[in-house]
Amino acid sequence: MRVPAAGDLAAGGPARHHPSWSADDLRSRLLVPRDRLAELRAGERAVAAAFELSYQDLDAERQRFFRLLGFYAGTDLDAYTGAAIASVSVAEARSRLEELDEAHLIDEQPGDRYRLHNLLRDYARRAWLVREAG
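Anchor point for the sequence shown: position 127 equals 236 in my numbering, and the numbering is continuous, going up by one each time.
Below is the structure:
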């Protein structure tokens with residue numbers, strides 16, 4: 110997994126500023142999807158800022174594809190699923206999935222499948238709201 114583990118981030122983030130918090134306290138705060146990105150801070154840099162750098166390096170079509178993946182409810186997907194989500198060909202979806210993997214926005218899994226980490230799913234949904242609803 111290329112996304113830092115929550116525990117590693119918490120050591121430099123909210124847990125450092127709240128030494129009385131137990132692991133369960135931190136876990137309960139991280140389980141709320143709306144607040145996960147806000148809770149995970151390492152020093153002055155938010156985790157979302159790292160995601161933003163990778164996202165901004167994508168062209169507009171890849172950004173849109175990534176945003177759409179944020180609404181996919183499954184745990185992993187393949188090129189056929191990506192094609193259905195974004196209304197593109199399977200070949201185009203495969204290319205976009207590979208590019209998102211290279212950008213560290215999704216993880217390649219065995220069997221030509223890909224996984225979107227929950228924090229990145231949250232980021233993709235937020236990016237969709239900013240771009241499409243904003």
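Beta carbons: idealized from backbone N, C-alpha and C, even for Gly.
query, result
"Closer than 7 Å by C-beta to E217: which residues in its own chain qualify, once you throw out the five before and the five after it? Chain order, please.", "D210, Y223"
"Between I215, A193, R203, E207, which lies nearest to N227 when the distance is taken from Cα to Cα?", "I215"
"With which residues is R222 paired in a DSSP beta bridge?", "Q218"
"Our contact map puts F174 next to A159 with C-beta atoms below 8 Å; I'd like the distance itself, whole angstroms only.", "With a Cβ gap of about 20 Å, F174 and A159 do not count as contacting."
"Quickly, what does DSSP pair L167 with across the bridge? List them, please.", "Answer is none; L167 lacks a bridge partner."
"Kindly indicate which three-state DSSP category D185 falls into: helix, strand or coil?", "strand"
"By how many angstroms is the C-alpha of R240 removed from the C-alpha of R203?", "24 Å"
"Could you check where the alpha helix (DSSP H) with R200 kicks off and where it finishes?", "Here the sequence assigns Ala to residue 200, which means Arg is not the residue at that position. Per DSSP, A200 belongs to the alpha helix (DSSP H) from 199-211."
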